[in-house]
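Peer 1:
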Amino acid sequence: MPHTILEYTATVADQPDLQAFWDQLHRFLVEAAPCRLQDLKSRAHRCDDFRMAGGAWEMAFVHLTILLMEGRDEATLAKVGEGALALLKDHFPRTLAQREADFTVEIRPMRKDSYFKATTVKTP
Numbered sequence: 327m328p329h330t331i332l333e334y335t336a337t338v339a340d341q342p343d344l345q346a347f348w349d350q351l352h353r354f355l356v357e358a359a360p361c362r363l364q365d366l367k368s369r370a371h372r373c374d375d376f377r378m379a380g381g382a383w384e385m386a387f388v389h390l391t392i393l394l395m396e397g398r399d400e401a402t403l404a405k406v407g408e409g410a411l412a413l414l415k416d417h418f419p420r421t422l423a424q425r426e427a428d429f430t431v432e433i434r435p436m437r438k439d440s441y442f443k444a445t446t447v448k449t450p
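Here the numbering used here is used: the first residue of the sequence shown is 327, the next is one more, and so on.
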């Protein structure tokens, strides 16, 4: 915990530097969520098969799902969502400028009673 899952279409105009994105996202989440750096796990999926709206191929989307342990207040969730959306826009600027695109962030709570973990990850 937390987990982040980035999904983006093959039609984005940018060549995203995912390591740079995750570096900034992880640092942001440590401060805003808050959480421990060693607990963060992130991954990305490029979507080659997708459909948006009426099916125009040149459209694009970038979606970030953030899974956080339950219990954070609405103000914290809003800060996390708005900050994460700003990071997406910073890392996909050409897509915003050159495509019809949707950029979205979804924050999902993880239930404490249904999340189990074993780790050997040390503090960096």
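All C-beta atoms in this analysis are idealised placements derived from N, C-alpha and C, irrespective of residue type, glycine included.
1. Alpha carbon to alpha carbon, how far is threonine 446 from arginine 377? Give it in angstroms, no decimals.
2. How is valine 338 classed by DSSP in three states: helix, strand or coil?
3. By DSSP, does aspartate 349 sit in helix, in strand, or in coil?
4. If you draw a straight line from the alpha carbon of histidine 417 to that of isoleucine 331, how long is it in whole angstroms?
5. Does the structure place the stretch 363-380 close enough to the stretch 400-417 that three or more beta carbon pairs sit under 8 angstroms?
Peer 2: Walking through what the data contain:
1. The alpha-carbon separation between arginine 377 and threonine 446 amounts to approximately 40 angstroms.
2. Of the three classes helix, strand and coil, the one that applies to valine 338 here is coil, per DSSP.
3. Secondary structure at aspartate 349: helix, using DSSP grouped into helix, strand and coil.
4. Near 15 angstroms, if we compare the C-alpha coordinates of isoleucine 331 and histidine 417.
5. Result no; under three Cβ-Cβ pairs closer than 8 angstroms.
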